[in-house]
Every structure is written in structure tokens, then in C-alpha cells.
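I have placed the structure first, in the form of C-alpha cells, so that the comments after it can refer back to it.
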Amino acid sequence: GAVVSQHPSRVICKSGTSVKIECRSLDFQATTMFWYRQFPKKSLMLMATSNEGSKATYEQGVEKDKFLINHASLTLSTLTVTSAHPEDSSFYICSARPSGNSQYEQYFGPGTRLTVT
Amino acid sequence: QKEVEQDPGPLSVPEGAIVSLNCTYSNSAFQYFMWYRQYSRKGPELLMYTYSSGNKEDGRFTAQVDKSSKYISLFIRDSQPSDSATYLCAMKTGGGNKLTFGTGTQLKVEL
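The listed protein sequences correspond, in order, to chains A and B.
Each residue of the first sequence is one higher than the one before, counting from 1 in this note's numbering.
Each residue of the second sequence is one higher than the one before, counting from 1001 in this note's numbering.
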């Protein structure tokens, strides 16, 4: 149980285009989902916390207009990288916390490798 | 100073060895301490979770938290090649959702 999927697993796009990444909790409902970014040999950096039915909470330094987050249902959150640039190339990972579970519990997706050319 | 410090390694050990992985932190408000295992190009998988100070054992894995020293450890006994991965420590305060991660230690267990 507690499986989180991400789609696509990798994507290559041209500079200036937008890319949408989906995060799904497959066998549980998640009121809260999280979006992280991971650089090589660096720690996971929390970008934003996504709550079903409300606006996402962004971490300091993360542009909300560039990284659009939509958490429309209890099993799906999407991250759209708008007007992507090469510096947006990274590994994006989502996690989901089962509704009603302990605060520490987060289950991670397999990640999406974004390359902007 | 980073909130969480973790030696990136790589750490290479022979099969069967006891592995010790460590993190130090500066924020005394951290109360929840977690260890994740991440295989290459995969998302992190929760291994161990500890609340406040103390030890916790689960099979070959033991997690220790020393809040007075702001130091946490993960021990792996009888290490196997399948344990080869990056191990990330993560911490959380009592309130809020945010996990603060270390950079991860790359472990290689060799035959």
C-alpha cells in the first residue's frame, strides 16, 4: 500500500514552453501533497505544500507564478513549470501524506527528470 | 550553517559490515527524525522514524537520536549489496509540514 506515482518519469522540453507533472496517490487519499526539487548531490528542497481544494503554500524563494500547483482531488496534484528555462532542469519529486495520518508520514513518488533545452 | 549536515560520502563497506550513518543539526525545535533510502533515479523510501530522543530498532536497522548533542544515527547490521543506495536523514519540528533533509550519504556495499 501507500503508492505514489508520477507522470511523466522524464521529459525534455524546449526553453519557453510549459510542462505539467502529475502526482497521484494510488491507494490512499491525500489531503496534503508536497513538491520537492532535488539537484545532484544536494538535499531535497521543499518547493510548496499542496492542500486539496485550497491554494498551495510556497516556500521562500519559489516563484508561485512560475511553478503552478493544482490539487484538485484527494488523489491528484499537478505541478506546471511555466515558461521553462534551462536552469529549471532538475529532478522533481512529489510526496503525499495519507489523510488523517501522523504528521511525519509522507510517501514519495519516483520523481520526474525535467530537462529544458 | 546548514540546518542539517550530512556527509555525502561515498561510503564503501564490505558485505556483512556494520554501517554507521550520521547527521547533525542546528535547530533545537526538531522533534521528528526520519531516515529515508533512495535508490538511483527513484523517490525516497521511509526506513525509520523516531520521535524525540532514544533508540528504535527494526530488523537490521537501528536509529538513534541524541537531542542534547543534536546528532542522529542510523546503523545497518549485516549489510547487504542491496543496501547500496543513498541514505537521507530528515527532520521536522512539532508543528507544520516541512521536512528538512540532509544531502544524503551514498553507501556502497561490496561483495
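All residues carry an ideal CB built from backbone N, CA and C; glycine is no exception.
These numbers were taken from a predicted model, which means no experiment stands behind them.
- A straight line joining the alpha-carbon of Trp1035/B with that of Pro1081/B spans about 19 Å.
- Of the residues assessed, Tyr36/A falls on the buried side of the cut-off, its CB having 16 or more other CB atoms within 10 angstroms.
- Of all residues in the region 37-52 of chain A, those with a C-beta nearer than 7 Å to a C-beta of chain B are Lys41, Lys42, Ser43, Leu44, Leu46, Thr49, reading in chain order.
- Take the alpha-carbon of Ser1012/B and the one of Glu1110/B: they are about 7 Å apart.
- The beta-bridge partner set that DSSP reports for Asp1058/B consists of Phe1061/B.
- In the DSSP assignment, Lys20/A falls within the beta strand (DSSP E) that extends over 19-25.
- The contact set of Pro1081/B on chain A, defined by CB atoms closer than 9 Å, is empty, because the minimum CB distance reaches about 22 Å.
- Excluding residues up to 5 positions away in sequence, Ser15, Val116 lie with their Cβ nearer than 7 Å to the Cβ of His85/A in the same chain.
- Setting aside the 5 residues that flank it on each side, Glu52/A is surrounded in the same chain by Thr31, His71, Leu74, each with a C-beta closer than 6 Å to its C-beta; the list follows chain order.
- Scanning its chain for C-beta atoms nearer than 6 Å, with the 5 sequence neighbours on each side dropped, one finds around Lys1067/B the residues Ser1053, in chain order.
- If you check the CB distance, Leu1021/B and Thr1105/B come in under 8 Å.
- Shown here for Pro98/A: same chain residues with a beta carbon closer than 8 Å to its own, the five before and five after excluded, namely Ala2, Ser25, Phe28, Gln29, Ala30, Glu105, Tyr107 in chain order.
- The beta carbon of Arg113/A sits closer than 6 Å to the beta carbons of Arg10, Phe91 from its chain, once the five residues preceding and following it are set aside; these are given in chain order.
- Leu1107/B has a beta carbon lying at 8 Å or more from every beta carbon in chain A.
- Its chain contains Ala48, Thr49 as the residues whose beta carbon lies nearer than 7 Å to that of Thr57/A, once the 5 sequence neighbours on both sides are disregarded; these appear in chain order.
- At least one beta carbon of chain B lies nearer than 8 Å to the beta carbon of Ile93/A.
- Shown here for Ser18/A: same chain residues with a beta carbon closer than 8 Å to its own, the five before and five after excluded, namely Thr80, Val81, Thr82, Ser83, Ala84 in chain order.
- Taking C-beta atoms as the reference points, Tyr1039/B and Ala1085/B count as a pair closer than 8 Å.
- Counting other Cβ atoms within 10 Å of its Cβ, Arg1037/B reaches 16 or more and is therefore classed as buried.
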